[in-house]
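S.K.: The structure's right below; bear with me while I get my questions together.
Here's what the structure looks like:
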């Protein structure tokens with residue numbers, strides 16, 4: 053990724069901030085302005101969440117970084133740390149209804165906690181810096197911060213302690229567990245586990261589809277004129293299978309690898325097309341019909357499997373080692389399937405054209 | 008068969024462990040569990056290489072090559088002739104970069 057990106061979209065790990073000795077700065081620093089927030093989620097917040105889910109103005113769902121006051125906190129009130137992505141911040145503040153506290157919002161460039169931690173923007177440096185900038189040491193008497201558990205890939209708790217004097221406490225994964233967590237200051241094993249339930253998979257589907265909607269529409273228009281409505285519909289179907297059906301059915305499709313799951317799902321959605329094209333073109337020979345059906349059974353699963361493989365980054369459990377192994381194992385298979393299917397279709401087209409002439 | 012996720016880069020050196028249990032706290036997949044003398048590595052294949060445990064281990068008893076398991080980013084890097092391991096998830100980049108929605112990665116509306 054090139055580093056010439058606009059400031060608002062910096063994200064690569066190479067852009068981690070330099071380490072600066074800030075231990076002295078964090079003590080006795082004047083308190084900067086404390087912003088005020090509430091636990092209420094308004095209609096305009098909901099609209100913002102909806103647009104974020106559809107990928108509209110993707111990097112624009114931003115909260116101003118800084119220290120926020122929720123309710124009427126005292127110097128003994130707890131301090132929670134969050135990202136400046138509206139969905140993250142809103143999840144925390146709405147979960148803390150009725151709790152007087154401070155929320156320290158880091159500048160994660162409008163990216164959620166987990167992804168920002170992976171990139172290093174929700175990181176030790178930014179946290180230590182933000183503690184200093186906001187003058188948090190002068191606001192609260194204690195020296196404890198409650199961080200979301202999923203910020204841990206970016207935060208080194210012992211480094212934060214060494215550089216700022218604040219002890220990091222990792223709270224639960226989900227903001228909704230915060231009230232329960234606050235009672236005992238202990239997270240249960242359930243609170244510590246990341247799941248990927250249907251609801252979480254469903255909310256990802258709109259943006260997955262929107263992402264490749266334009267190329268899909270263009271491709272299906274071209275296919276419509278080259279090969280007819282059935283081919284155009286097949287393209288749309290394969291894409292929908294890969295971007296919508298696949299996330300929904302993820303745990304229920306056999307095998308473990310995303311690519312093989314994608315091929316299986318792709319074959320299932322291709323079968324109706326194969327059967328339909330085989331049984332409707334009565335003017336063509338058996339072999340031509342069979343080849344056309346085969347082309348559907350080769351191209352559609354390849355496309356669905358490729359999209360399925362690309363869903364790995366959206367899930368909560370794939371390791372880089374595993375994904376890399378999948379890429380090396382299956383992309384040649386997908387390329388072979390798609391390639392042979394396309395060659396077959398072209399040959400069929402040539403035969404049809406010659407008969408026409 | 009058809010499981011590419013059995014091996015990963017996680018390494019644990021129990022002899023160095025000081026039993027602070029931070030890793031059991033930060034791991035989102037229960038890879039580590041509390042033990043008697045030291046923490047136990049109980050589910051190594053569940054590791055997603057997020058790197059949280061290694062970064063929060065005060066005595067470097069855990070090593071892992073952390074990175075994001077995102078095919079989109081890796082294929083993109085490979086196509087641009089870059090190292091697949093450059094570790095640069097495109098999320099948060101311009102529209103159309105990795106993980107489509109993944110300013111969402113894990114539907115973080117529910118998460119903190």
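Protein chains in written order, with the numbering used here: chain A, 53 to 409; chain B, 8 to 119. Positions of the beta carbon are idealized from the N, C-alpha and C atoms, including for glycine.
What residues from the stretch 66 to 83 of chain B come within 7 Å of chain A, judged by C-beta to C-beta, listed N to C?
M.R.: 73, 74, 75, 76, 77, 78, 79, 80, 81, 82
S.K.: Within a Cβ cutoff of 7 Å, which residues of the same chain sit near residue 348 of chain A, ignoring the five residues on either side of it in sequence?
M.R.: 286, 322, 325, 326, 329.
S.K.: What residues from chain B crowd round residue 298 of chain A, counting only those whose CB sits closer than 8 Å?
M.R.: What residue 298 of chain A touches in chain B: nothing, since even the nearest Cβ is about 13 Å away.
S.K.: Sort A/336, A/144, A/300, A/400 by Cα distance to residue 258 of chain A and report the nearest one.
M.R.: A/300
S.K.: If you drop the 5 nearest sequence neighbours on each side, which residues of the same chain put their C-beta closer than 6 Å to that of residue 375 of chain A?
M.R.: 364
S.K.: Under a CB-based cut-off of 8 Å, is residue 36 of chain B close to chain A?
M.R.: yes
S.K.: Give the secondary structure of residue 155 of chain A by DSSP, where H, G and I count as helix, E and B as strand, and everything else as coil.
M.R.: Under the three-state reduction of DSSP, residue 155 of chain A is assigned to strand.
S.K.: Using CA coordinates, which residue listed in A/339, A/278, A/361, A/280 is at the minimum distance from residue 313 of chain A?
M.R.: A/361
S.K.: Throw me the rounded Cβ distance for the residue 131 of chain A and residue 153 of chain A pair, which I believe falls under 8 Å.
M.R.: 7 Å
S.K.: At a CB-CB cut-off below 7 Å, which residues of chain B make contact with residue 205 of chain A?
M.R.: 57, 58, 59, 62, 73
S.K.: At 9 Å on the CB atoms, spell out the chain B contacts of residue 361 of chain A, in chain order.
M.R.: 78, 79, 82
S.K.: Contact between the stretch 368 to 388 of chain A and the stretch 330 to 346 of chain A is defined here as three or more beta-carbon pairs at a separation below 8 Å; is this criterion met?
M.R.: no
S.K.: What residue does the alpha helix (DSSP H) around residue 196 of chain A start on, and which one ends it?
M.R.: Per DSSP, residue 196 of chain A belongs to no alpha helix (DSSP H); it is in the beta strand (DSSP E), 196 to 199.
S.K.: To be precise: take each residue of the stretch 283 to 314 of chain A, compare its Cβ to all Cβ atoms of chain B, and keep it if any distance is under 7 Å. Which residues remain?
M.R.: 307, 308, 309, 312
S.K.: Closer than 8 Å is the cut-off here; do at least three beta carbon pairs connect the stretch 49 to 69 of chain B with the stretch 14 to 33 of chain B?
M.R.: yes
S.K.: In chain A, which residues lie with their C-beta within 7 Å of the C-beta of residue 33 of chain B?
M.R.: 201, 204, 222
S.K.: Classify residue 90 of chain B: buried if its beta carbon has 16 or more other beta carbons within 10 angstroms, exposed otherwise.
M.R.: By the beta-carbon neighbour count (other beta carbons within 10 angstroms, threshold 16), residue 90 of chain B is exposed.
S.K.: Find out if the Cβ-Cβ distance for the pair residue 101 of chain A, residue 148 of chain A is shorter than 8 Å.
M.R.: no
S.K.: Roughly how many whole angstroms lie between the Cα atoms of residue 76 of chain A and residue 53 of chain B?
M.R.: With a pLDDT of only 49 at residue 76 of chain A, under 50, the local geometry of the prediction cannot be trusted, and no value is derived from it.
S.K.: By DSSP, does residue 230 of chain A sit in helix, in strand, or in coil?
M.R.: helix
S.K.: Could you spell out the range, first to last residue, of the beta strand (DSSP E) harbouring residue 219 of chain A?
M.R.: Per DSSP, the continuous beta strand (DSSP E) segment holding residue 219 of chain A begins and ends at 219 to 222.
S.K.: Taking 8 Å as the threshold (C-beta atoms), are residue 174 of chain A and residue 165 of chain A in contact?
M.R.: In this structure, residue 165 of chain A lies near residue 174 of chain A, with their beta-carbon atoms less than 8 Å apart.
S.K.: Under a three-way DSSP split, which group does residue 245 of chain A fall into?
M.R.: coil
S.K.: For residue 305 of chain A, which residues in the same chain have their Cβ closer than 7 Å to its Cβ, ignoring the five residues on either side in sequence?
M.R.: Sequence-distant partners of residue 305 of chain A (beyond 5 residues in either direction) whose C-beta falls short of 7 Å from its own C-beta, in its chain, are 313, 316, 317.
S.K.: Hey, does residue 374 of chain A have any beta-carbon neighbour from chain B nearer than 8 Å?
M.R.: yes
S.K.: How do the stretch 352 to 360 of chain A and the stretch 389 to 401 of chain A stand: do at least 3 beta-carbon pairs fall below 8 Å, yes or no?
M.R.: Yes, they touch.
S.K.: Taking the alpha helix (DSSP H) that residue 212 of chain A belongs to, which residues open and close that run?
M.R.: 209 to 216
S.K.: So residue 133 of chain A is in the beta strand (DSSP E); what residue range does that whole segment cover?
M.R.: 131 to 134
S.K.: Within 10 Å of its beta-carbon, does residue 76 of chain B have 16 or more other beta-carbons around it, so buried, or fewer, so exposed?
M.R.: So residue 76 of chain B ends up on the buried side.
S.K.: Can you list the alpha helix (DSSP H) stretches of 4 or more residues lying completely in the stretch 248 to 315 of chain A, in chain order?
M.R.: 250 to 279, 281 to 292, 298 to 301
S.K.: How is residue 112 of chain A classed by DSSP in three states: helix, strand or coil?
M.R.: helix
S.K.: According to the neighbour-count rule (16 or more other Cβ atoms, all chains shown, within 10 Å of its Cβ), is residue 110 of chain A buried or exposed?
M.R.: buried
S.K.: Are any of the Cβ atoms in chain B nearer than 8 Å to that of residue 393 of chain A?
M.R.: Contact of residue 393 of chain A with chain B is not assigned, every C-beta pair being separated by 8 Å or more.
S.K.: What does residue 88 of chain A pair with, by DSSP beta-bridge criteria?
M.R.: DSSP, once it has assigned bridges, lists A/121 as partnering residue 88 of chain A.
S.K.: Which of helix, strand or coil does DSSP assign to residue 204 of chain A?
M.R.: Residue 204 of chain A: coil per DSSP, three-state reduction.
S.K.: Closest by CA to residue 396 of chain A, which one among A/345, A/385, A/273?
M.R.: A/345
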